[in-house]
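Take a look at the structure below.
Numbering (full-length UniProt numbering), first residue to last: 1 to 343.
Right, dumping it as structure tokens:
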């Protein structure tokens, strides 16, 4: 439910980037995770070996040493809601650098399908080349990045490498032949043409994706604060033993705020330890029974458990609280993280 809202087309290469962590990998030279940073304009990606406990300061160093030094500072960074990305340190750093931040919407995979596809391709690449113990993936990571960036993307008709630099890298063991150096004006003109064609292709790809997506979707209902809605329970893991016998919807819950045209904040019980913002496709308007005798009591609030594939962060201490727009917010110190990672 709800039509597709494509992300804005970036103004140029490396202006809008995404950050994501692949976690749970076998230990390799002290690393167990990969920081993935794709550029939404050229689809080029940089990969960095790291750990699942990397701090916001560590992420900033990785970006400085592997992305910013090559492409400059971006205008916008999209990421998930892990402490590494949503911490006060990262927010303040981005504010000082003039970088706009965006956190992905809960339980809506279309928010960042590109990153998910990149993750899958890199993991598939590792399946072909890592050793039996799977502990040498760090040695293959640069080659995996190079291979991905030199692969022609169907949506762009060129490789991310060519989209970013305007030429194809030398491959294999073919002898290197000397070529005439291009004039500066010709090079700039060629790069400008590549970027113009790329922007046109990206726009067409987004239009095609939206048309395909919307053909299978109804127009999203327009909810407002004060409405009560049911919440789809498909992506929420509770403490009940069998999902088939559990409620297929949770609530009803009160809408407290409209975040965007396709996302709403709900008032959830304390037992539901999930981010309270959901895509409109996960919501359905609650309509009370008009017959006074038929008002069944709603089920008790579920006790939510995070899925085994999701990173789980343990609360060490509630440091502070405040009233923000009539809502009580808490400042949390996460176990195993320094004070500057509080969120």
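Cβ coordinates follow ideal geometry from the N, Cα and C atoms, glycine included.
Keep in mind the model is a prediction, meaning the values are calculated, not measured.
Here's a check: name, in chain order, each residue in its chain whose Cβ is nearer than 6 Å to the Cβ of residue 16, leaving out the five neighbours to either side.
If you number the chain shown from 1, residue 16 lands on position 16. Result list for residue 16: 10, 40 and 76, in chain order.
Would you call residue 144 buried or exposed, if buried means 16 or more other Cβ atoms sit within 10 Å of its Cβ?
Within the chain shown, the letter at position 144 stands for residue 144. Buried: at least 16 other Cβ atoms inside 10 Å.
Once the 5 residues before and after residue 267 are set aside, which same chain residues still bring their CB inside 7 Å of it?
Taking the chain shown and counting its residues from 1, the one referred to as residue 267 is at position 267. Result list for residue 267: 253, 254 and 256, in chain order.
Could you check where the alpha helix (DSSP H) with residue 140 kicks off and where it finishes?
One-based indexing of the chain shown puts residue 140 at position 140. Taken as a continuous stretch (DSSP letters only), the alpha helix (DSSP H) holding residue 140 covers 137 to 149.
I'd like to confirm the pairing. Which residues does DSSP put opposite residue 16 in its beta bridges?
Position 16 of the chain shown, counted from the start, is the residue given in the question as residue 16. Its beta-bridge partners are 76.
Measuring only the C-alpha atoms, how far is residue 24 from residue 186?
Taking the chain shown and counting its residues from 1, the one referred to as residue 24 is at position 24. Taking the chain shown and counting its residues from 1, the one referred to as residue 186 is at position 186. Roughly 47 Å between the two C-alpha positions.
Candidates 78, 82 and 225: closest to residue 334 by CA position
For the purposes of this step, residue 334 is taken as residue 334 along the chain shown, with counting starting at 1. If we check each option's Cα against that of residue 334, 82 comes out closest.
Assuming residue 227 and residue 285 make a contact with CB atoms under 8 Å, what is their CB distance in whole Å?
Taking the first residue of the chain shown as 1, we reach residue 227 at position 227. Taking the first residue of the chain shown as 1, we reach residue 285 at position 285. That belief holds up - the Cβ atoms of residue 227 and residue 285 are roughly 7 Å apart, short of 8 Å.
Should residue 44 go down as buried or exposed, given a rule of 16 or more other Cβ atoms within 10 Å for buried?
In the chain shown, the residue the question calls residue 44 occupies position 44. So residue 44 ends up on the buried side.
Use the C-beta contact count for residue 153: other C-beta atoms within 10 angstroms, 16 or more gives buried, fewer gives exposed.
Along the chain shown, one-based indexing puts residue 153 at 153. Residue 153 should be labelled buried.
According to DSSP, is residue 353 part of a helix, a strand, or is it coil?
Absent from the model: residue 353. The displayed extent of the chain is 1 to 343, so no value can be given.
Which word fits residue 264, buried or exposed, when buried means at least 16 other C-beta atoms lie within 10 angstroms of its C-beta?
As a working mapping, residue 264 is identified with position 264 in the chain shown. Burial is judged here by how many other beta carbons sit within 10 angstroms of a residue's own beta carbon; residue 264 has at least 16 and is buried.
Alpha-carbon spacing of residue 318 relative to residue 89, whole angstroms
For this step, residue 318 is matched to residue 318 along the chain shown. For this step, residue 89 is matched to residue 89 along the chain shown. If I take the Cα positions, the gap works out to 18 Å.
How long is the line joining the alpha carbons of residue 160 and residue 71, rounded to whole angstroms?
Locating residue 160 in the chain shown gives position 160, where the first residue counts as 1. Locating residue 71 in the chain shown gives position 71, where the first residue counts as 1. If I take the Cα positions, the gap works out to 14 Å.
Under 7 Å Cβ to Cβ from residue 74, same chain only, skipping five residues before and after it: list those, please.
Here residue 74 refers to the residue found at position 74 when the chain shown is read from its first residue. Excluding residues within five positions, the ones whose Cβ falls inside 7 Å are 14, 15, 16, 17 and 99.
Quick check on DSSP: helix, strand or coil for residue 98?
For this step, residue 98 is matched to residue 98 along the chain shown. Reduced to three states, the DSSP call for residue 98 is coil.
Between which two residues does the alpha helix (DSSP H) containing residue 60 stretch?
Walking along the chain shown from the start, residue 60 turns up at place 60. Counting along the chain, the alpha helix (DSSP H) containing residue 60 begins and ends at 56 to 63.
Please report how far the alpha carbon of residue 80 lies from the alpha carbon of residue 103, in whole angstroms.
In the chain shown, residue 80 corresponds to position 80, counting from 1. In the chain shown, residue 103 corresponds to position 103, counting from 1. One C-alpha to the other measures close to 5 Å.
Using a 10 Å radius around the Cβ and a threshold of 16 neighbouring Cβ atoms, would you call residue 26 buried or exposed?
Within the chain shown, residue 26 is the residue found at index 26, counting from 1. Exposed.
Between the CA atoms of residue 272 and residue 332 - distance to the nearest angstrom:
As a working note, residue 332 is residue 332 in the chain shown. As a working note, residue 272 is residue 272 in the chain shown. When rounded, the distance between both Cα atoms is 17 Å.
One question on the structure: do residue 283 and residue 229 come within less than 8 Å of each other, judged by their Cβ atoms?
If you number the chain shown from 1, residue 283 lands on position 283. If you number the chain shown from 1, residue 229 lands on position 229. A contact, by the Cβ cut-off of 8 Å.
Residue 268 (DSSP reduced to helix, strand or coil)
Your numbering for residue 268 matches position 268 in the chain shown. Residue 268 falls in the coil class under three-state DSSP.
Since residue 164 and residue 42 are thought to touch, with beta carbons under 8 Å apart, how far apart are those beta carbons, to the nearest angstrom?
Walking along the chain shown from the start, residue 164 turns up at place 164. Walking along the chain shown from the start, residue 42 turns up at place 42. Going by Cβ atoms, the distance from residue 164 to residue 42 rounds to 4 Å, so yes, they are a contact pair.
For residue 156, which of helix, strand or coil comes out of DSSP?
Reading the chain shown from its first residue, position 156 is the one you call residue 156. Of the three classes helix, strand and coil, the one that applies to residue 156 here is coil, per DSSP.
Taking the continuous beta strand (DSSP E) assigned at residue 230, which residues delimit it?
Here residue 230 refers to the residue found at position 230 of the chain shown. It spans 228 to 232 - the beta strand (DSSP E) in which residue 230 sits, taken as one unbroken run.
Residue-level contact to chain C via CB, residue 168, 8 Å cutoff
Chain labels in this structure do not include chain C; a single protein chain is all it has.
In whole angstroms, give me the CA-to-CA distance for residue 59 and residue 322.
As a first step, residue 59 is located in the chain shown; it is residue number 59 there, counting from the start. As a first step, residue 322 is located in the chain shown; it is residue number 322 there, counting from the start. Distance between the alpha carbons of residue 59 and residue 322: 28 Å.
In or out: residue 65 buried (at least 16 other Cβ within 10 Å) or exposed?
Stepping through the chain shown from its first residue, residue 65 is reached at position 65. By the neighbour-count rule (16 or more Cβ atoms within 10 Å), residue 65 is not buried but exposed.
Separation of residue 150 from residue 157, as counted between CA atoms:
The sequence position of residue 157 within the chain shown is 157, counting from 1. The sequence position of residue 150 within the chain shown is 150, counting from 1. Taking the straight line from one Cα to the other gives about 12 Å.
Residue 9 - DSSP class collapsed to helix/strand/coil:
Translated into the one-based positions of the chain shown, residue 9 becomes position 9. In the structure shown, residue 9 sits in coil (DSSP, three-state: anything other than H, G, I, E or B).
Can you name the residues that DSSP bridges to residue 38?
The residue you call residue 38 lines up with position 38 of the chain shown. Residue 38 is bridged to 45.
Report all residues from its chain with a CB closer than 6 Å to the CB of residue 251; omit the five preceding and five following residues, and keep chain order.
Taking the chain shown and counting its residues from 1, one reaches residue 251 at position 251. Once the five neighbours on either side are set aside, the close Cβ partners of residue 251 are 230 and 231.
Any idea which residues DSSP pairs residue 103 with across the strands?
Position 103 of the chain shown, counted from the start, is the residue given in the question as residue 103. Residue 103 is bridged to 79.
Residue(s) in a DSSP beta bridge with residue 249
Residue 249 sits at position 249 when you count from the first residue of the chain shown. In the DSSP output, where bridge partners are listed per residue, residue 249 has 232.
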